[in-house]
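*Asks:*
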Amino acid sequence: MADVRVRIAPSPTGPLHIGTARTALYNYLHARHVGGTFILRLEDTDQARSSIAYEKDILDGLHWLGLTWDEGPEVAGDAAKGPHAPYRQMERLELYAEAARQLLAGDKAYPCYCTPDELAAERARQEAAREPPRYWGRCATLTQEERAAFEAEGRRPAIRFRVGEGTVAFDDTIRGHVEIDVANLGGDFVIVRADGSPLYHFVVVVDDAEMAITDVIRGEDHLSNTPKHILLFRALGHELPRFGHLPLILNPDRSKMSKRKSQTALSDYIAQGFIREALVNYLALLGWATGTEEEILSLEEIVLRFDIADVHKGGAVFDRERLEWLNGQWIRRLSSEDLIDRLRPFVAAEHEAGRIDRMPGDEELTALLPVVRDRLPTLGAIGDLAGFLWVDRLDVDTGVLVPKRWDRKTAVEGLTAAAATIDAAAEVAFEADELEPPLRALAEERGWKAGDLFMAIRVAVTGRTATPPLFDTLVALGRERTLERLRAAIELLERSPVIVDGT
RNA sequence: GCCCCCAUCGUCUAGAGGCCUAGGACGCCACCCUUUCAAGGUGGAGAUCAGGGGUUCGAAUCCCCUUGGGGGCACCA
């Protein structure tokens with residue numbers, strides 16, 4: 000399959016949607032697998048809803064995923080890439096105007112003078128009569144005189160495409176043979192608004208034709224629209240591309256994944272600390288499988304194995320838990336330097352948000368990595384996991400400071416003895432290996448379960464019951480702060496009134 | 001309403017007529033490891049392959065119907 004050309008054509012009317020990201024990925028995978036060309040085109044004809052901020056979010060998202068395009072618009076001073084520039088539809092208006100003139104000249108399209116109000120009234124009537132909504136064709140057969148009369152009224156015409164009769168059939172790369180009767184298309188449809196701006200179904204065809212797209216790979220929501228596109232391709236005298244319709248990504252209730260019911264913006268996943276390797280891996284496996292039992296796959300490995308014909312037909316529910324698991328798998332596979340680079344912005348975010356009081360240096364993070372790595376489902380979890388290391392004043396809940404099997408008095412004794420033991424051990428070296436034995440010995444000597452002693456210390460120095468391994472944590476904290484927090488905890492226990500008993 | 005598409009454990013999926021008393025993964029449960037939490041290891045529960053008819057010696061796999069779900073029917077994309 001030489002000379003395959005595919006495209007992703009997002010419209011900058013919202014942040015990059017997880018579904019668009021997957022469509023982009025599948026297009027990219029197909030292009031790379033067969034050695035074809037991957038094109039990015041911006042569909043910004045809906046000027047009312049398009050924005051430059053969304054455009055940036057989309058481009059950044061695709062870059063972040065590693066889906067580099069071979070042809071695409073100029074961005075941030077970099078010139079457009081590719082022989083079919085410009086790649087922004089608002090800069091291609093002349094092309095559409097020319098195509099519209101061509102259709103009008105061949106009477107494959109006609110001016111329609113129906114007003115929005117008239118159209119709405121007719122639609123309401125159809126709905127009331129329980130008829131399927133369709134344009135009833137009032138302007139399809141207007142004479143020159145009638146058109147002139149409307150023009151004289153000051154009406155500006157939209158342009159409608161004649162769908163004609165018959166059935167349109169095509170062989171979908173993913174779904175196989177599909178056939179739709181033109182009568183079910185909803186009548187002649189508008190391709191150019193009354194204000195002269197072209198509409199989606201029209202521009203997509205003009206552009207796919209002009210850009211010589213060979214494979215249109217897109218979401219299933221376009222399957223029913225494909226006959227319109229095919230009709231347009233033919234009317235314009237262009238060869239048809241192959242069409243492949245991807246299954247939809249679904250909300251847990253199996254409806255099309257939406258902002259209302261799911262987190263759909265890729266940028267939100269990025270902000271929470273999902274990493275590109277995991278997202279790419281997860282998205283690739285949502286609707287496609289290798290046929291083997293391998294599932295942790297890099298983008299390169301997926302490119303090698305991907306075959307558009309193996310893509311599923313049924314929709315797939317987006318399962319965040321599985322994504323988190325994959326994310327953890329990938330975080331564990333990152334090199335230390337890489338992980339630190341990716342972690343730093345998340346630590347900085349904690350700092351900016353005021354949840355921690357200082358930024359740890361690289362050496363500190365590096366030292367922490369071994370104990371933190373297996374405990375990070377996302378990069379964003381770093382604050383929860385280790386934030387206590389970087390705060391000046393720790394908030395400790397007296398309630399959890401006393402281990403379940405202990406009473407308050409024992410806790411005070413335990414922490415006091417632990418502080419002394421730690422202080423003594425630190426004279427040798429403040430290292431995990433030096434701290435653990437004497438503390439275990441202390442517990443044994445006093446008849447305490449080591450776990451209880453450790454838990455009291457853990458809560459005293461971290462404020463929480465779930466933390467990385469205790470001795471590594473103490474080392475990360477440093478001798479001074481460890482002792483300081485131990486003293487503060489003891490004081491807290493002695494000072495606070497006894498409310499509950501058993502203590 | 002009309003048209004189109006889809007249908008294997010809760011979820012993602014393997015499966016292209018006999019290898020399936022349906023395999024893997026996530027999640028869940030138990031155990032092991034263990035100072036907590038994870039990670040890791042082992043084991044388990046979990047799908048009469050939506051239902052019903054065919055075809056065939058034989059069907060999760062092919063055909064038909066039913067049911068269920070989804071999508072589309074804009075001067076949105």
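Per numbering that gives the first Met the number 0, the first sequence runs over residues 0 to 502. Every residue, glycine too, gets a C-beta built ideally from N, C-alpha and C.
Among G290, D194, A308, R341, whose alpha-carbon lies nearest the alpha-carbon of D214?
*Replies:* Within the first sequence, the letter at position 215 stands for residue 214. When only C-alpha atoms are compared, the closest one is A308.
*Asks:* For the alpha helix (DSSP H) containing L473, list its first residue and its last residue.
*Replies:* Against the first sequence, residue 473 aligns to sequence position 474. Unbroken alpha helix (DSSP H) run through L473: 469-476.
*Asks:* Candidates D220, F387, A270, A120: which alpha carbon is nearest L249's?
*Replies:* Taking the first sequence and counting its residues from 1, one reaches residue 249 at position 250. Of D220, F387, A270, A120, the residue nearest in Cα terms is D220.
*Asks:* Kindly indicate the opening and closing residues of the beta strand (DSSP E) around G171.
*Replies:* Locating residue 171 in the first sequence gives position 172, counting from the first residue. The question names Gly, yet the displayed sequence has Asp at residue 171. 166-171 is the extent of the beta strand (DSSP E) around D171.
*Asks:* Can you give the Cα-Cα distance for L41 and G379, rounded to whole angstroms?
*Replies:* Translated into the one-based positions of the first sequence, residue 41 becomes position 42. Translated into the one-based positions of the first sequence, residue 379 becomes position 380. Going from the Cα of L41 to the Cα of G379 covers about 31 angstroms.
*Asks:* Need the endpoints of the alpha helix (DSSP H) that A416 sits in, please.
*Replies:* Counted from its first residue, the first sequence places residue 416 at position 417. Here the alpha helix (DSSP H) through A416 covers 407-427.
*Asks:* Going by beta carbon distance, what residues of the same chain come within less than 6 angstroms of H200, once the five residues before and after it are set aside?
*Replies:* Working through the first sequence from its first residue, we reach residue 200 at position 201. Once the five neighbours on either side are set aside, the close Cβ partners of H200 are K227.
*Asks:* P110 lies in the beta strand (DSSP E); which residues open and close that run?
*Replies:* Here residue 110 refers to the residue found at position 111 of the first sequence. Here the beta strand (DSSP E) through P110 covers 108-111.
*Asks:* Can you tell me which of R480, L482, V3 puts its alpha carbon nearest to the alpha carbon of R241?
*Replies:* In the first sequence, counting from the first residue as 1, residue 241 sits at position 242. The candidate whose alpha carbon is nearest that of R241 is V3.
*Asks:* Can you have a look at L375 and say buried or exposed, based on whether 16 or more other CB atoms are within 10 angstroms of its CB?
*Replies:* Residue mapping note: residue 375 aligns to position 376 of the first sequence, counting from 1. So L375 counts as buried.
*Asks:* So, using beta-carbon positions, are L245 and I216 closer together than 8 angstroms?
*Replies:* Looking up residue 245 in the first sequence gives position 246. Looking up residue 216 in the first sequence gives position 217. It is a contact, given that the beta carbons lie within the stated cut-off.
*Asks:* Mind checking A488: buried by the 16 CB within 10 Å criterion, or exposed?
*Replies:* Mapped onto the first sequence, residue 488 falls at position 489. Per the 10 Å Cβ criterion, buried.
*Asks:* Got a sec? Which residues, its chain only, sit under 7 angstroms from D451 by beta carbon, not counting five neighbours each side?
*Replies:* Within the first sequence, numbered from 1, the residue matching residue 451 stands at position 452. Excluding sequence neighbours, D451 sits near P402, R404, W405.
*Asks:* Alpha carbon to alpha carbon, how far is Y25 from V33? Give it in angstroms, no decimals.
*Replies:* Here residue 33 refers to the residue found at position 34 of the first sequence. Here residue 25 refers to the residue found at position 26 of the first sequence. Distance between the alpha carbons of V33 and Y25: 12 angstroms.
*Asks:* Hey, I57 and P9: beta-carbon distance below 8 angstroms or not?
*Replies:* Position 58 of the first sequence, counted from the first residue, corresponds to residue 57. Position 10 of the first sequence, counted from the first residue, corresponds to residue 9. Yes, the Cβ-Cβ distance between I57 and P9 is below 8 angstroms.
*Asks:* Under 8 angstroms by Cβ, that's how I've got T289 and R275 pegged, so tell me the actual separation to the nearest angstrom.
*Replies:* On the first sequence, residue 289 is found 290 positions in, with the first residue counted as 1. On the first sequence, residue 275 is found 276 positions in, with the first residue counted as 1. Contact flag wrong, Cβ pair sits at about 20 angstroms.
*Asks:* I'd like to know whether the C-beta atoms of F149 and D187 end up nearer to each other than 8 angstroms.
*Replies:* Taking the first residue of the first sequence as position 1, residue 149 is located at position 150. Taking the first residue of the first sequence as position 1, residue 187 is located at position 188. No.
*Asks:* Let me confirm a value: T140 is counted as buried when at least 16 other C-beta atoms fall within 10 Å, else exposed. Which label applies?
*Replies:* Taking the first sequence and counting its residues from 1, the one referred to as residue 140 is at position 141. Exposed, by the Cβ-count rule.
*Asks:* Would you be able to state if there are at least three C-beta pairs under 8 angstroms between the stretch 106-120 and the stretch 61-73?
*Replies:* Short answer: they don't touch.
*Asks:* Quick check: F470 and L414, are their CB atoms within less than 8 angstroms of each other?
*Replies:* On the first sequence, position 471 is the one that residue 470 refers to. On the first sequence, position 415 is the one that residue 414 refers to. Result no, Cβ atoms of F470 and L414 do not sit closer than 8 angstroms.
*Asks:* Looking at I301: is its Cβ nearer than 8 angstroms to the Cβ of L28?
*Replies:* Working through the first sequence from its first residue, we reach residue 301 at position 302. Working through the first sequence from its first residue, we reach residue 28 at position 29. In contact: I301 and L28 (Cβ atoms closer than 8 angstroms).
*Asks:* Express the C-alpha separation of T420 and V395 in angstroms, rounding to a whole number.
*Replies:* Here the question's residue 395 lines up with position 396 in the first sequence. Here the question's residue 420 lines up with position 421 in the first sequence. Those two C-alpha atoms are separated by around 22 angstroms.
*Asks:* Give the straight-line distance between the Cα atoms of V181 and L230, rounded to the nearest whole angstrom.
*Replies:* Here residue 181 refers to the residue found at position 182 of the first sequence. Here residue 230 refers to the residue found at position 231 of the first sequence. So the two alpha carbons sit approximately 9 angstroms from each other.
*Asks:* Let's test the definition: count the other Cβ atoms within 10 Å of the Cβ of L183 and tell me whether it reaches 16, buried, or not, exposed.
*Replies:* Taking the first residue of the first sequence as 1, we reach residue 183 at position 184. The question names Leu, but residue 183 in the sequence shown is Asn. The residue in question, N183, is exposed, as its Cβ has fewer than 16 Cβ neighbours within 10 Å.
*Asks:* My output table needs one value for L278: the three-state DSSP class, helix, strand or coil.
*Replies:* Within the first sequence, the letter at position 279 stands for residue 278. L278 falls in the helix class under three-state DSSP.
*Asks:* Candidates Y86, R31, E294, R478: which alpha carbon is nearest R425's?
*Replies:* Along the first sequence, one-based indexing puts residue 425 at 426. The question names Arg, yet the displayed sequence has Ala at residue 425. A425 has its Cα closest to that of R478, out of Y86, R31, E294, R478.
*Asks:* For the putative contact between L492 and T481, defined by C-beta atoms under 8 angstroms, what is the C-beta separation to the nearest angstrom?
*Replies:* Taking the first residue of the first sequence as 1, we reach residue 492 at position 493. Taking the first residue of the first sequence as 1, we reach residue 481 at position 482. In fact, because the Cβ distance is near 17 angstroms, the residues do not count as touching under 8 angstroms.
*Asks:* Alpha carbon to alpha carbon, what distance is there between G286 and W63?
*Replies:* Looking up residue 63 in the first sequence gives position 64. Looking up residue 286 in the first sequence gives position 287. Approximately 21 angstroms, taken between the alpha carbons.
*Asks:* What does the alpha-carbon distance come out to for the pair Y53 and D43?
*Replies:* Residue 53 sits at position 54 when you count from the first residue of the first sequence. Residue 43 sits at position 44 when you count from the first residue of the first sequence. If I take the Cα positions, the gap works out to 11 angstroms.
*Asks:* Could you name the residues that DSSP lists as bridge partners for K255?
*Replies:* For the purposes of this step, residue 255 is identified with residue 256 of the first sequence, where counting begins at 1. L249, per the DSSP bridge assignment.
*Asks:* Threshold first: 3 residues or longer. Then list the beta strand (DSSP E) segments lying entirely within the stretch 174-256, N to C.
*Replies:* Counting whole runs of 3 or more residues, the stretch 174-256 contains the beta strand (DSSP E) stretches 175-180, 188-191, 214-218, 241-245.
*Asks:* Could you please give me the residues that DSSP links to K448 through a beta bridge?
*Replies:* For the purposes of this step, residue 448 is taken as the residue at position 449 of the first sequence. Per DSSP, none; premise fails for K448.
*Asks:* Is it buried or exposed for S254, if we count other Cβ within 10 angstroms and need 16 for buried?
*Replies:* One-based indexing of the first sequence puts residue 254 at position 255. S254 should be labelled exposed.
*Asks:* What residue range does the beta strand (DSSP E) around R4 cover?
*Replies:* Position 5 of the first sequence, counting from 1, holds the residue named residue 4. Start and end: 4-7.
*Asks:* Using 8 angstroms as the threshold, is the C-beta distance between G218 and R133 below it?
*Replies:* By 1-based counting over the first sequence, the position of residue 218 is 219. By 1-based counting over the first sequence, the position of residue 133 is 134. The answer is no: Cβ separation not under 8 angstroms.
*Asks:* How many angstroms separate the CA atom of L278 from the CA atom of V458?
*Replies:* Your numbering for residue 278 matches position 279 in the first sequence. Your numbering for residue 458 matches position 459 in the first sequence. Taking the straight line from one Cα to the other gives about 35 angstroms.
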